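Notes to accompany the following structure.
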Amino acid sequence: MFTPFSVMGCSLELLKSGELGIVTACQSQDETIRKKIISMGIKTGNTITVEQQFPTFVIKCGSLSMTIDREIARAIYVRVIDG
Numbered sequence: 023m024f025t026p027f028s029v030m031g032c033s034l035e036l037l038k039s040g041e042l043g044i045v046t047a048c049q050s051q052d053e054t055i056r057k058k059i060i061s062m063g064i065k066t067g068n069t070i071t072v073e074q075q076f077p078t079f080v081i082k083c084g085s086l087s088m089t090i091d092r093e094i095a096r097a098i099y100v101r102v103i104d105g
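What the sequence shown shows, in this note's numbering, is residues 23 to 105, in sequence order.
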């Protein structure tokens with residue numbers, strides 16, 4: 023028998039356009055990616071909205087919209103907010 027479930031947290035890369043998440047962690051072994059995330063001002067507790075996934079990944083953090091690559095999106099973990 024199938025039990026329904028919902029995703030409470032995941033990588034930012036898995037959110038669809040229009041979905042919101044609160045940053046819970048930024049995890050990457052690559053120091054360059056971590057520095058990029060920090061320089062963009064993305065930190066734990068920020069609310070991020072995915073505006074577009076293809077052809078480029080566009081997110082909105084606060085009042086700023088920014089384009090990020092998939093590696094950065096993959097390194098940002100969020101708690102999904104039901105909107």
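The C-beta atom is built at its ideal place from N, Cα and C for all residues, glycine as well. Quantities reported herein were computed from a predicted structural model and do not represent experimental measurements.
Is the region 74-90 close to the region 46-54, with three or more CB pairs under 8 Å? Result no; under three Cβ-Cβ pairs closer than 8 Å.
Assuming T89 and T78 are in contact, meaning their beta carbons sit under 8 Å apart, how far apart are those beta carbons, in whole angstroms? 5 Å
Name the DSSP bridge partner or partners of R92? Paired residue(s): none; R92 is not in a bridge.
Rounded to whole angstroms, what is the Cα-Cα separation between T69 and G63? Cα-Cα distance, rounded: 12 Å.
Which residues does DSSP list as the beta-bridge partners of G67? DSSP output for G67 lists no bridge partner at all.
Would you kindly work out how many angstroms separate the C-alpha atoms of R96 and S33, rounded to a whole number? 5 Å
Candidates K57, R56, C48 and E73, of which the one nearest S87 by Cα: E73
Can you name the start and end residues of the alpha helix (DSSP H) that K57 belongs to? For K57, the uninterrupted alpha helix (DSSP H) run begins and ends at E53 to S61, by DSSP.
Residues in the same chain with beta-carbon distance under 8 Å from V100, minus the five sequence neighbours each way, listed in chain order, please. So the qualifying residues of the chain are G31, C32, S33, L34, L37, G43, I44, V45, T46 and I70.
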